[in-house]
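Numbered per the numbering used here, the sequence shown finishes at 910, counting up by one with no gaps.
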Amino acid sequence: MSQANGHHPQDPSSTIRAFVEALDVEELIMRFDVDFDAPMRQADATGMLRLARAHAKDPAAGTRGIARRVGAHWCEIVQADVDYELLSALQLIEESQPDAERLMARHTDGTLDPADVFPHYALARWYDGVGRIRYRLGSYTASRRVFETAVQVAERARLWWALPDLLSNYTRAEFEERAQAAREKDGGTKVDAFVPPMQETHDRILGQADEHGVDTEAVPDESTPLRHREFLRGYSNALHNLATALRQAGDIQRSLRVTARSKAISEGLDDTYRVSQSLMNQAFCGDRPRERFEALRDIGRGTGERERPGWERGRRIARQNLAKLGGGRDGLAELGRLLDELEDDAAGKGRRAGLDVDFYAYTVRAYRETAAALPASDRPGDVLDRRLAMAESVREAIALPVYKRAYAEHVRPTYLRAIGKEVSRDAHRQEDLERIMSLVEESSGRELLDLLASSRPPVLDRPAHPLPTRTETDGTAETGETADTTEEHTRGSRLPALRAQSPDPETMRKIREMLVERAQQYEDHFLHHPLTSATHDEDIAHQLVQYTLNHQGSCVVRYFRFGTSDAALDGEETPAPDSLGIMVCRDGVLTLLPPLPYAEVTDLARQVSTDLRDPDFPAPKEETCRRMWNLLVGPVWESANHGGPLTHLTLIPTDDIFAIPLHVATEPDDNRPLAARVPLSHSVSVAAFVTRGRHLLKKQLMEDDDDLAALLSTDDQATGEEIVEAGWHPAHVHVAGKVGGVRGAFDADWDGLEQLVSVKPEFFVYAGHGLYVDEPEVSGPLIYLGKTDMLSQFDLALRVSLPRNKLTVLGACLAGQGMRSDGGDVLGFMRSLIISGAGAIGVPLWSVHNSAMVSTVGALLRGSREVLGSSSTGVFDVVQVLHDHYRESMETFTSVEARVDRLPLALYL
2 MSQANGHHPQ
12 DPSSTIRAFV
22 EALDVEELIM
32 RFDVDFDAPM
42 RQADATGMLR
52 LARAHAKDPA
62 AGTRGIARRV
72 GAHWCEIVQA
82 DVDYELLSAL
92 QLIEESQPDA
102 ERLMARHTDG
112 TLDPADVFPH
122 YALARWYDGV
132 GRIRYRLGSY
142 TASRRVFETA
152 VQVAERARLW
162 WALPDLLSNY
172 TRAEFEERAQ
182 AAREKDGGTK
192 VDAFVPPMQE
202 THDRILGQAD
212 EHGVDTEAVP
222 DESTPLRHRE
232 FLRGYSNALH
242 NLATALRQAG
252 DIQRSLRVTA
262 RSKAISEGLD
272 DTYRVSQSLM
282 NQAFCGDRPR
292 ERFEALRDIG
302 RGTGERERPG
312 WERGRRIARQ
322 NLAKLGGGRD
332 GLAELGRLLD
342 ELEDDAAGKG
352 RRAGLDVDFY
362 AYTVRAYRET
372 AAALPASDRP
382 GDVLDRRLAM
392 AESVREAIAL
402 PVYKRAYAEH
412 VRPTYLRAIG
422 KEVSRDAHRQ
432 EDLERIMSLV
442 EESSGRELLD
452 LLASSRPPVL
462 DRPAHPLPTR
472 TETDGTAETG
482 ETADTTEEHT
492 RGSRLPALRA
502 QSPDPETMRK
512 IREMLVERAQ
522 QYEDHFLHHP
532 LTSATHDEDI
542 AHQLVQYTLN
552 HQGSCVVRYF
562 RFGTSDAALD
572 GEETPAPDSL
582 GIMVCRDGVL
592 TLLPPLPYAE
602 VTDLARQVST
612 DLRDPDFPAP
622 KEETCRRMWN
632 LLVGPVWESA
642 NHGGPLTHLT
652 LIPTDDIFAI
662 PLHVATEPDD
672 NRPLAARVPL
682 SHSVSVAAFV
692 TRGRHLLKKQ
702 LMEDDDDLAA
712 LLSTDDQATG
722 EEIVEAGWHP
732 AHVHVAGKVG
742 GVRGAFDADW
752 DGLEQLVSVK
762 PEFFVYAGHG
772 LYVDEPEVSG
782 PLIYLGKTDM
792 LSQFDLALRV
802 SLPRNKLTVL
812 GACLAGQGMR
822 SDGGDVLGFM
832 RSLIISGAGA
842 IGVPLWSVHN
852 SAMVSTVGAL
862 LRGSREVLGS
872 SSTGVFDVVQ
882 VLHDHYRESM
892 ETFTSVEARV
902 DRLPLALYL
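What follows is the structure in structure tokens.
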């Protein structure tokens, strides 16, 4: 129908189609950094790219189509980074990575035309975007590696205008990587350590500006050439990093001068994000902080100013700091509103702010400090509740390294304080003890429980790059010794303590690089396939009570940490000190024992570590075994034995106790180690033991067609003889590697391991050597996979599946180390084996004697067959069989140290 003016209305769809057809996708991507990212209009660009189907695969488009897809994904990765949608960013990276790898292959082999700028630019920017996300997630080594790739691509393709931004990002990631290593090894870095590398990058960028005629003194505007504007935006980034470094070093006046220059460039470019960063640095330097934070809060919203997008996280940071500065009831109310918003976000789709744990934690801290400054009558009663709400909100993101650190720094201390508050009450009824146990379990081992609650992940392909291994003569020289059971021989012929035989620095650097790659695959897998957050069971203590009521003679001891090393704020009640709590459950009765100073636990753990580094006898000494008893076992002994002899004692460690071999704790005036006195097992948490049913692994049904798989990385010191004469039918024994000089059906390599896993073995045994890597981001144990590779905890979690397993033994020195984390979770091979489906798990905690390992594992394997008798089935009690073996094997010896050396395995259910 015609309009009054005689013109037909234009079809909106036709207008959109015409716009899309006219859109130059490559030009938009090339202009994205300056024209869309700077003014915070990323959504405009990504929306247009979606309309233009820039992400769609078009085989006819060839390399240019791949480059467009890579560039379009880069734009969306940047948007996700700015919006703090980190899970979305990782999904975008996963979607576009195959294209980026194809483009990189063509860039590397020279098939891309050097004069064709766009494919090289899209590739360099994609890697830079990936680096930004890795950095945001706290993976500094991974981010440094991809930032370095971005710089290399840009340098080879002569993308001089993009280099300042890429170089600045690379330098910051490299510094953070080194700083993290220094913090973890030496406790800190010099406050001015960041200044020289950032100054060097700044000077390098100025040299490039001179080379390409970029005026770094003038304020840019729309008439400034596009490439110069992009160069200057990167230079502004470098200036901001330098200003931050100067502020941290205490050079406030120079920091403010550098920030003023960065801000002037950013304002000329209409760069909202960088202007916001400059305002924050000025405020943190003490330069009119209230005015600066008000400006940050109101960017894009000022009177007479056209409403435009702002940086939402920056606005929240401004509100948080203004509330802190204002203080009083009004400040507390504003912080409360911020926390309400964060709690709402945490419950929403995508958990956008719920992932921003650091900001959440700082806001809670500000709320706590502001509340403490009020008169007692005005203080709210919800401070601890607010902290617990924060703690509960981060569960789905806990697999990320940045959130693990935040969990350790902010979240777990909240639980420890809450537990301390409950413990410090004068009287404890049964329901009070159940509440304490509930809090303990809510704060411990949650990631492992989430993994167990999720469906089994698919087994990934083998790693792209093998870890460096020892040479034929390295680390495990032949000794010509044979098995000897004399007491004197217990000081020789043991599996080497490779922690003390660290690889050379270059080999360790390669190991660290490859371990970071495997750790990243592990984290990415569970981010791309989100975990089912295991619901915390408030009745966990009641279930534990029921377990001990229904298993007469059984006792469970739960060690837990509580309290805090933080001083109370003015106006706050004094918190409980950093302490070790012990809860004993026997015959349905919960008993809370008097707390111990946690410093005594850390001191004992250090003593154990010192013993294990002794080159002559790298095992727990008698004095240490006595200390273990006096500190950790003696206090529970009366409660554990109340009501009759123990038929099964289960110890559940926490923190440093995971590294203490409690099974060899020895009472004064008694030379029998604990595991030889009572049937003993360990577990990683009450929830895993009771709720997840791992207590059912004590007694299991044996069948005559059970399969035994053995991975043997053997030599004269790790013989693999534990599988010899184990009473197994040859048809059900599957060997990868050599035993007694005889090669098995498969080699000890990835092919052999895959063959072993494919039979779904009920019993899995590893015999070989281990290595403990104590490096930032990737500390933990490794075991050798023949001479071709090493297996990390991440490989066992994602590349080994043991769905029907009844018993797994890792017969490698130190394989049981690395189980604890600062966040109270369970790490190392223990976590990985439980994830993989392993049943009962035996691991050594020191450089054990080879003959003791052969004897112990052999006894377990034979015992599992002996229960069959003439039948096809039988019941095997792994705890009792191990106890009987330990009791019998130590009788040959008299000294504590010799007896300890015959107890090589800690058994975990």
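Even glycine gets a Cβ: it sits at the ideal position worked out from N, Cα and C.
Using C-beta distances below 7 Å, list every residue in its chain close to residue 599, excluding the 5 sequence neighbours before and after it, in chain order. 562, 579, 580 and 581
Return the chain-ordered ranges of every alpha helix (DSSP H) run that is complete within the stretch 675-712 and spans a minimum of 4 residues. 675-678
Taking residue 265 as part of the alpha helix (DSSP H), name the residues at either end of that continuous run. 253-269
Nearest neighbour of residue 764, chosen from 441, 707 and 795 [CA to CA]: 707
To the nearest angstrom, how far is it from the Cα of residue 730 to the Cα of residue 105? 52 Å
Would you kindly report the start and end of the unbroken alpha helix (DSSP H) that includes residue 433? 431-443
Assigned exposure category for residue 539 - 16 Cβ within 10 Å defines buried: exposed
On the criterion of 16 or more Cβ atoms from any shown chain inside 10 Å, does residue 443 qualify as buried, or is it exposed? buried
Starting from the Cα of residue 725, find the closest Cα among 22, 149 and 861 and give me that residue. Of the candidates 22, 149 and 861, the residue whose Cα lies closest to the Cα of residue 725 is 861.
Measuring CB to CB, does residue 652 end up less than 8 Å from residue 554? no
Quick one: what's residue 220 bridged to in DSSP? Answer is none; residue 220 lacks a bridge partner.
Tell me the DSSP secondary structure of residue 318 in three-state form. helix
With 16 other Cβ atoms within 10 Å as the buried cut-off, status of residue 239: buried
Bridge partners of residue 774, per DSSP? 781
Helix, strand or coil for residue 587 per DSSP? Correct three-state label for residue 587: strand.
Going by CA-CA distance only, name the one from 223, 235, 198 and 225 that's closest to residue 209. Residue 209 has its Cα closest to that of 235, out of 223, 235, 198 and 225.
Can you tell me which of the three DSSP states residue 555 falls into? strand
4-residue-minimum alpha helix (DSSP H) runs that sit fully inside the stretch 597-681, ordered along the chain: 599-613, 623-629, 635-642 and 675-678
Pull up the distance between the alpha-carbon of residue 788 and that of residue 509, whole angstroms please. 16 Å
Are the Cβ atoms of residue 257 and residue 278 separated by less than 8 Å? Not closer than 8 Å, so no.
For residue 377, count the other beta carbons within 10 Å of its own beta carbon; 16 or more makes it buried, fewer makes it exposed. Which is it? exposed
Please state whether the Cβ-Cβ distance between residue 558 and residue 700 is less than 8 Å. no
Pick from 74, 67 and 849 that is closest to residue 48, judged by C-alpha positions: 74
State the DSSP-derived secondary structure class of residue 466, mapped to helix, strand or coil. Coil.
Could you check whether residue 641 and residue 556 sit closer than 8 Å to each other, using their CB atoms as the reference points? yes
Only counting the same chain, and skipping five residues up and downstream in sequence, which positions put a Cβ closer than 7 Å to that of residue 296? Closer than 7 Å at Cβ, skipping near neighbours: 280.
Under the assumption that residue 737 contacts residue 713 (Cβ atoms under 8 Å), give the Cβ distance between them as a whole number of angstroms. Confirmed, about 7 Å.
Neighbourhood of residue 322 by C-beta, 6 Å cutoff - its chain only, sequence neighbours within 5 removed: Excluding residues within five positions, the ones whose Cβ falls inside 6 Å are 294.
Assigned exposure category for residue 109 - 16 Cβ within 10 Å defines buried: exposed
Buried or exposed: residue 18, going by 16 or more other Cβ atoms within 10 Å of its Cβ? exposed
Is the stretch 160-171 close to the stretch 122-142, with three or more CB pairs under 8 Å? yes
With a 10 Å radius around its C-beta and 16 neighbouring C-beta atoms as the bar for buried, classify residue 832 as buried or exposed. buried
Check residue 476 in the structure and name its three-state DSSP category. Below a pLDDT of 50, predicted positions are generally treated as unreliable, and residue 476, at 40, falls in that range; the measurement from the model is reported next regardless. Three-state DSSP puts residue 476 in coil, outside helix and strand.
Quick check on residue 910: buried or exposed, where buried means 16 or more other Cβ atoms within 10 Å of its Cβ? buried
Out of 761, 410, 791 and 620, point me to the one whose CA is closest to residue 897's CA. 620
Please classify residue 203: is it buried, with 16 or more other beta-carbons within 10 angstroms of its beta-carbon, or exposed? buried
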